[in-house]
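Take a look at the structure below.
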Amino acid sequence: MARLKHWTLLLTTSIAAAALAAACGSSGDGSADGSSNTPTGDAGGPPGTGGAGGDLFGSTSSGAQSVLTISPQDPVLEVEGTPESLQFQAAFGDGSPANNVAWEVSDIVLGTMDDTGTLTAKGLIAGVATVTARTGTLTATTTVTVRVRIVDNAGGISADDQVDLQNGGSADPDLRFLYPYDNTVFPRGLRAPDLQLGGAPASATYVRITQPNFSYEGFFGPSSPTRVALSQEMWRAVTLSATANDPVTVEVTTLSGAGITGPVTETWRVAQGDLKGVIYYNTYKSAQTSTGAVMRVRPNVNAEVFIGGCTVCHSVSANGNVLAAGVNWGDAGNPLDSATFNLLADGTYTTRELSSEGRKMSFGGLTPNGDMMLSSGVPAGSPVRGLAGPLPSRLYDTASGNEIAAPSFTNAVQYALTPAFSPNNARVAFTQYEQGINALRMMDFNPAAAPPEFTNLQTLATSARAVAGWPSFLPDAAAVVFHDGDAFDTNNGNGGARYAELRLVDVVTKAVSGLNLLNGRDAAGANTLPYGEGEELNMNYEPTVLPVAVGGYYWVVFTSRRAYGNTIAPGGTVPGGSDKWGTNGPQGEVPSVRKKLWIAAININYQNQPDPSHPAFYLGEQELEAGNMRAFMALDPCKDEGGTCESGAECCNGLFCRQTGDVNDNGEPITACVPPQTGECANIDETCETAADCCDTTALCINNRCAVPPPQ
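The opening position of the sequence shown corresponds to residue 3 in the working numbering, with each subsequent residue numbered one higher.
Right under this line is the structure:
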């Protein structure tokens with residue numbers, strides 16, 4: 003499944019190029035040298051998406067057999083959830099059949115071609131692809147559009163009720179989406195969202211999801227409260243069929259004792275890529291362990307205990323190869339020990355360094371490769387709960403635990419709280435908390451200098467409340483997302499309220515965006531969350547950003563105490579959903595189940611935008627009935643030459659992710675990390691120095707990786 007999604011990401015750009023070429027008059031048929039005898043278009047350019055096509059003639063040959071044609075031209079294949087086939091034919095200009103033809107289709111997620119020219123659409127994925135035929139030096143192309151219409155009566159709803167639901171009914175203000183939010187941007191590859199609605203419990207629910215070339219109608223049985231669980235297969239079909247610029251429209255109609263109500267409608271968008279890497283987060287009351295732990299989440303895989311034994315206060319390097327944390331806790335409040343861990347490509351870990359100073363590694367800022375760590379300072383009267391000072395910030399070698407002399411830092415800053423390095427290792431941001439200073443600050447960093455050099459100390463932002471903390475750089479290292487709150491924590495330790503929202507600051511202009519949509523506000527700042535301002539607003543904390551762009555967006559994961567649909571909410575089905583803050587009594591701290599992880603998209607072209615964020619979505623892979631917090635999105639530990647991969651983001655030292663010539667059991671190409679050839683262009687997620695290095699001429703080069711551009 004995951005490999006299919008990767009190929010969609012890589013090949014979407016070729017389809018987009020085809021559309022552009024059609025507008026310029028590109029031909030549907032080809033010849034030996036790609037030259038043209040017509041005044042329109044570039045004969046050797048990408049294939050078009052429509053029109054009759056026309057012939058391309060060789061410059062050194064003539065006659066009917068210097069032309070290759072494909073029929074049918076630009077066909078539309080209608081499918082209804084099961085594989086369907088379409089036969090293509092290749093012929094010369096005189097109508098005689100071409101022999102020894104090699105066939106291919108540009109998007110193997112949409113369908114596969116066999117040696118006879120038969121395209122088999124897989125039945126669930128809609129879209130437009132290019133079909134190419136080659137024989138000798140001749141080439142011809144055409145487009146194929148696959149349209150999908152699926153009707154699924156999973157709930158066994160009667161034919162009469164189906165018709166009534168399709169026709170719709172009366173409006174009811176109580177029937178509304180509680181989750182997901184309108185205008186959410188979803189990446190590919192994660193778990194399907196559960197649709198959760200207000201209003202009377204439904205005896206039947208009708209869901210219609212539409213986008214260009216794709217239509218899904220689902221009929222579902224009784225639910226109280228009203229919910230619809232989309233299958234993972236259908237969610238995959240929705241997300242892989244979606245294009246960057248076309249909205250996905252979702253309509254829900256219900257049948258209850260009051261009759262037919264609805265439809266109510268939302269629109270979503272789908273980023274053109276899978277969310278990369280691994281999410282590591284802390285929990286203190288996991289269902290899988292009686293103590294705190296670092297949990298691990300992979301896309302569409304349930305959270306698992308990664309490092310147990312009350313290992314908390316963690317941080318993870320951007321490259322995903324080193325984790326630092328406090329280990330074990332004493333009665334005095336500080337951790338007894340702290341450690342760094344090697345995160346291995348096989349999914350396991352080993353201890354890298356163990357220190358008897360429990361505060362040393364807790365919340366430390368790791369360089370992207372994990373070699374060095376700037377410790378999170380602990381001043382006297384520390385504002386970070388669970389750590390008592392004083393212990394000043396220092397730069398450490400994470401393998402030996404030894405301090406690395408850095409006088410350019412220690413002469414300028416004593417206490418740098420919750421530090422974070424930029425993905426390009428050129429900057430570090432932190433909260434400076436000392437001698438009357440309480441501000442989000444930044445320094446330039448040169449790890450190659452001897453000793454490592456910190457320069458250009460500057461203020462990025464101050465808090466509108468009390469604390470500007472938990473900074474995390476965007477992948478371009480030109481902006482920082484941070485927590486603007488009453489405190490560093492998400493409650494006061496005794497079950498009381500602490501409020502915060504997330505902000506974004508441009509490190510050059512120092513302009514601050516309120517990230518209203520992410521925080522649950524509209525452009526004017528008014529609440530948009532379904533349970534109201536007092537119940538849900540101002541409860542977003544501790545952001546970290548995925549170190550690579552995916553699908554035309556940046557991605558931030560954060561802790562939130564907002565409600566989750568009708569599941570974790572006042573009157574929700576999970577006990578304790580009304581308790582936002584948790585308790586701390588004789589039995590110890592009991593975290594609120596409302597403390598959960600959410601993810602939101604941020605526009606790549608965020609500069610000068612009043613709000614570049616989008617509404618957040620719930621991370622469905624996390625534990626439902628635990629208090630979860632402080633997540634890190636990091637890449638998987640990179641793979642050496644020969645390691646199988648789905649994206650260049652998985653490969654070490656500038657290796658590309660390319661086909662090996664082998665196929666898997668589904669007939670799909672196997673890809674592995676290989677050295678790039680001289681002059682070879684880079685695919686999405688592969689390394690680049692400038693955008694000119696990328697195969698896709700529209701791609702961006704962000705933190706030395708080719709990236710999908712933002713939607714237009």
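Note that the Cβ used here is the ideal one computed from N, Cα and C, for glycine as well.
Quick check on this structure: which residue in the options has the alpha carbon closest to the alpha carbon of residue i?
i    : options                : result
N321 : R354, T692, G372       : G372
K278 : S580, L657, P612, V559 : V559
G495 : V592, Q234, R178       : V592
D610 : G516, D248, A104, R387 : This sequence places Asn at residue 610; Asp is not what is there. The option with the nearest alpha carbon to N610 is G516.
N330 : N323, H316, V324       : H316
M444 : L376, V386, P85, P453  : L376
D715 : S243, F634, E253       : Lying before the first or after the last residue shown, residue 715 is absent from the chain, which here runs from 3 to 714.
A603 : G573, V552, A565       : V552
T267 : A499, T255, T369       : T255
P195 : G645, Y566, S402, D638 : Y566
E106 : P85, T145, G83         : T145
P713 : A273, N284, T569       : A273
G83  : S68, T122, D174, M115  : T122
Note down, in chain order, each residue of its chain lying with its Cβ closer than 6 Å to the Cβ of residue i, except the 5 sequence neighbours on either side.
i    : result
V514 : A463, R505, V507
A468 : D488
E1   : As shown, the chain starts at 3 and ends at 714. That puts residue 1 outside it, with no answer to give.
A414 : L459
C312 : T293, G294, N330, W331
Q89  : T120
E306 : R298
G645 : C675
Would you say residue i and residue j are within 8 Å of each other, going by their C-beta atoms?
i    : j    : result
A418 : G379 : yes
G471 : T546 : no
V187 : R271 : yes
G158 : G264 : no
Y555 : T492 : no
A684 : C647 : no
Y208 : L167 : yes
P370 : N427 : yes
S87  : R151 : no
Y533 : P572 : yes
Could you name the residues of the same chain whose beta carbon sits closer than 7 Å to that of residue i, not counting the 5 residues immediately before and after it, in chain order?
i    : result
V676 : E643, L657, F658, R660
L356 : D339, A341
K641 : A347, C647, E652, C653, C654, C675
Would you kindly work out how many angstroms separate the C-alpha atoms of residue i and residue j, rounded to a whole number?
i    : j    : result
P577 : R563 : 15 Å
D57  : T147 : For D57, the predicted structure reports a pLDDT of 39, less than 50, and the residue's modelled location is therefore unreliable. A value from the coordinates is still provided. When rounded, the distance between both Cα atoms is 21 Å.
S258 : V430 : 56 Å
S384 : G391 : 6 Å
Y351 : L112 : 38 Å
A408 : F423 : 15 Å
I704 : D478 : 6 Å
K362 : A156 : 55 Å
D399 : T251 : 51 Å
E455 : L476 : 22 Å
C696 : A618 : 31 Å
V81  : Q164 : 21 Å
D96  : R149 : 32 Å
F222 : T353 : 49 Å
T228 : Y183 : 16 Å
P337 : G328 : 6 Å
T662 : G587 : 59 Å
A694 : Q679 : 16 Å
S525 : Q589 : The residue asked about is misnamed: residue 525 is Ala in this sequence, not Ser. If I take the Cα positions, the gap works out to 44 Å.
Could you give the DSSP three-state label for residue i: helix, strand or coil?
i    : result
R396 : coil
S410 : helix
A104 : strand
S384 : coil
V209 : strand
L657 : coil
T241 : helix
V165 : helix
N518 : helix
D695 : helix
A603 : strand
A327 : strand
G322 : coil
G536 : helix
For a test of your reading of the model: does the CB of residue i fall under 7 Å from any non-hydrogen atom of the ligand ATP? Yes or no.
i    : result
N529 : The model on display carries no ligand, and the ligand ATP is accordingly not part of it.
Excluding the 5 residues flanking residue i on each side, which residues of the same chain have their C-beta closer than 8 Å to its C-beta?
i    : result
K582 : A499, E537, M541, R563, S594, R596
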